[in-house]
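A.B. asks:
Residue numbers (this note's numbering): 14 to 332.
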């Protein structure tokens with residue numbers, strides 16, 4: 014008798030939990046629709062210490078330039094010392110922003126640790142991290158050398174690990190922080206001639222989503238926000254010599270401008286959006302494809318006609 018009662022209680026609890034799940038799911042969708050028309054108010058960045066990797070050009074340069082008027086304190090990291098120093102010097106002169114330039118090889122864990130110690134002495138704790146640096150060899154996978162593949166994963170994936178392992182503990186301790194990640198549309202949509210690069214972006218996407226889940230179950234319940242950005246092809250040094258195509262350019266612009274990507278990234282940061290898709294069609298393409306049969310996915314990809322041509326130039330640094 015007692016066993017039957019216990020089993021009945023378990024079943025009732027399961028049914029109740031299912032009802033709660035359905036109600037919360039409906040509520041979440043209602044909130045999402047509402048927020049499409051009434052976005053949350055942007056949070057202030059005044060006095061916040063923002064670390065930007067790959068800061069001297071392209072998207073990173075635009076991120077820093079657009080953050081400057083918002084009162085943030087900028088910690089600008091780039092492997093190109095001269096370019097970064099000159100950029101930060103000009104930015105300070107033009108805007109009066111408080112900004113610091115550091116030469117950093119983000120793929121080198123010990124270098125990241127050393128420079129972050131100096132940053133803490135010079136500036137203080139990091140409040141916001143924008144992991145933006147990366148490289149992109151555009152060629153068929155079998156034409157990548159082992160050295161290129163190792164470098165690709167060191168910069169595009171391991172650099173995220175090294176930076177976050179250093180800054181997250183303090184963010185959790187003070188119960189405040191925001192991690193912004195420049196991913197890519199190729200992190201959720203397969204793209205030929207970018208198999209290796211796409212692999213790194215899938216890795217970053219999976220890493221951030223799993224890290225969010227870990228922190229959600231952390232007993233300390235840290236107030237750490239995450240924003241991951243998925244832009245389509247963007248006109249930066251990364252795309253030098255690369256030609257991208259789309260059958261419907263009015264849906265998928267052939268090439269985005271760094272200013273647009275930076276603007277939407279910062280808007281997502283200030284409004285605490287978890288995901289930012291540029292253009293918005295990437296959200297639809299990425300989520301819908303997972304619901305389709307593999308053959309239908311391939312047919313849909315052929316219909317959309319989105320691809321990039323391989324180039325013979327070396328992988329370049331993206332900022």
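By construction, the Cβ of each residue, glycine as well, lies at the ideal position given by its N, Cα and C atoms.
#1: Roughly how many angstroms lie between the CA atoms of residue 173 and residue 144, to the nearest whole one?
#2: What three-state label does DSSP hand residue 89 in the structure shown?
#3: Take residue 86 and list the residues in its own chain whose beta-carbon comes closer than 6 Å to its own, dropping the five residues that flank it on each side.
#4: Which residues in the same chain as residue 192 place their Cβ atom closer than 6 Å to its Cβ, once the five residues preceding and following it in sequence are excluded?
#5: Our contact map puts residue 154 next to residue 208 with C-beta atoms below 8 Å; I'd like the distance itself, whole angstroms only.
#6: My output table needs one value for residue 299: the three-state DSSP class, helix, strand or coil.
#7: Classify residue 151: buried if its beta carbon has 16 or more other beta carbons within 10 angstroms, exposed otherwise.
#8: At a cut of 8 Å, does the region 105-119 reach the region 131-142 through at least three beta carbon pairs?
#9: If you drop the 5 nearest sequence neighbours on each side, which residues of the same chain put their C-beta closer than 8 Å to that of residue 124?
#10: Considering only their Cβ atoms, is the gap separating residue 198 from residue 261 smaller than 8 Å?
#11: Kindly examine the ligand MN and report whether one of its heavy atoms sits closer than 7 Å to the Cβ of residue 86.
#12: Let me make sure I understand the geometry here. Which of 241, 149 and 126 has the alpha-carbon closest to that of residue 206?
#13: Sort out for me which residues DSSP pairs residue 238 with in a bridge.
#14: Looking at the unbroken alpha helix (DSSP H) that takes in residue 75, where does it start and where does it end?
#15: In chain order, which continuous runs of the beta strand (DSSP E) of length 3 or greater are located wholly inside the region 147-223?
C.D. replies: Once the coordinates are examined:
#1: Reading the chain shown from its first residue, position 160 is the one you call residue 173. Reading the chain shown from its first residue, position 131 is the one you call residue 144. Their Cα atoms are separated by approximately 7 Å.
#2: Position 76 of the chain shown, counted from the first residue, corresponds to residue 89. Looking at residue 89 - three-state DSSP - the assignment turns out to be strand.
#3: Mapped onto the chain shown, residue 86 falls at position 73. Excluding sequence neighbours, residue 86 sits near 62 and 111.
#4: Numbered from 1 along the chain shown, position 179 holds the residue referred to as residue 192. Taken in chain order, the residues that qualify are 142 and 239.
#5: Locating residue 154 in the chain shown gives position 141, where the first residue counts as 1. Locating residue 208 in the chain shown gives position 195, where the first residue counts as 1. That pair is a contact at about 4 Å.
#6: Stepping through the chain shown from its first residue, residue 299 is reached at position 286. Three-state DSSP puts residue 299 in a helix.
#7: As a position in the chain shown, residue 151 is number 138, starting the count at 1. Buried is the call here.
#8: yes
#9: Taking the first residue of the chain shown as 1, we reach residue 124 at position 111. Taken in chain order, the residues that qualify are 117 and 118.
#10: Stepping through the chain shown from its first residue, residue 261 is reached at position 248. Stepping through the chain shown from its first residue, residue 198 is reached at position 185. No, the Cβ-Cβ distance between residue 261 and residue 198 is not below 8 Å.
#11: In terms of ligand content, the structure shown is empty, and the ligand MN therefore cannot be addressed.
#12: Position 193 of the chain shown, counted from the first residue, corresponds to residue 206. Among 241, 149 and 126, the Cα nearest to that of residue 206 is on 149.
#13: In the chain shown, the residue the question calls residue 238 occupies position 225. Partner(s): 191.
#14: In the chain shown, the residue the question calls residue 75 occupies position 62. Residues 71-80.
#15: 190-195
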